[in-house]
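Chemist: This structure is in structure tokens; I'll ask about it shortly.
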Amino acid sequence: MDNILDVTQQLIEYSATIAVLGVSVSVMILLYRAIKGPTNPDRAVALDIIGINLMALAGIIAVLLVTTKFNDVILLIGILLFIGTVALAKFLEKGVIIERDMD
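Numbering of the sequence shown is given in the working numbering, commencing with residue 208 and proceeding in unit increments.
This is the structure:
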């Protein structure tokens with residue numbers, strides 16, 4: 208029985224290492240897209256996906272550390288990403304985020 212647990216633990220560690228490497232490569236490619244993107248919407252999408260990858264890294268770390276403490280961090284990052292995406296989309300569409308009508 209202990210052998211099965213050891214194999215499972217090693218499998219989780221190997222899988223997490225491969226996942227971290229994959230997410231890291233993805234972030235590097237997305238950083239290039241965020242800097243060199245041909246248009247502003249491309250940059251916005253790249254920044255949004257970088258945030259999603261940050262959520263994935265927090266989830267992988269939570270699995271490796273065998274804790275649920277990172278769940279709040281993941282939810283907070285998700286909420287902030289949503290607010291940022293909505294604000295950026297409004298800015299790209301109208302040019303302002305907060306409209307101030309003084310009528």
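Think of the CB as a built atom: it goes at the ideal place given N, C-alpha and C, for glycine as much as any other residue.
In whole angstroms, what separates the C-alpha of I286 from that of L212?
Modeler: 36 Å
Chemist: Do the stretch 246-253 and the stretch 296-308 meet, that is, are 3 or more Cβ pairs less than 8 Å apart?
Modeler: They touch, by the three-pair rule.
Chemist: Tell me, please, whether the stretch 212-221 touches the stretch 257-265 by the rule of three or more beta-carbon pairs shorter than 8 Å.
Modeler: no
Chemist: Do A294 and I281 count as a contact pair if the criterion is CB distance below 8 Å?
Modeler: no
Chemist: Could you compute how far the alpha carbon of M208 sits from the alpha carbon of S222?
Modeler: Whole-angstrom Cα-Cα distance: 21 Å.
Chemist: Go ahead and pull the three-state DSSP assignment for E300.
Modeler: helix
Chemist: Please say whether R240 and A251 have beta carbons closer to each other than 8 Å?
Modeler: no
Chemist: What is the C-beta distance between V234 and N260, in whole angstroms, given that I count them as a contact (C-beta under 8 Å)?
Modeler: 5 Å
Chemist: If you run the structure through DSSP and keep just helix, strand and coil, what is V273?
Modeler: coil
Chemist: Starting from the Cα of I242, find the closest Cα among T224, I257 and S231 and give me that residue.
Modeler: I257
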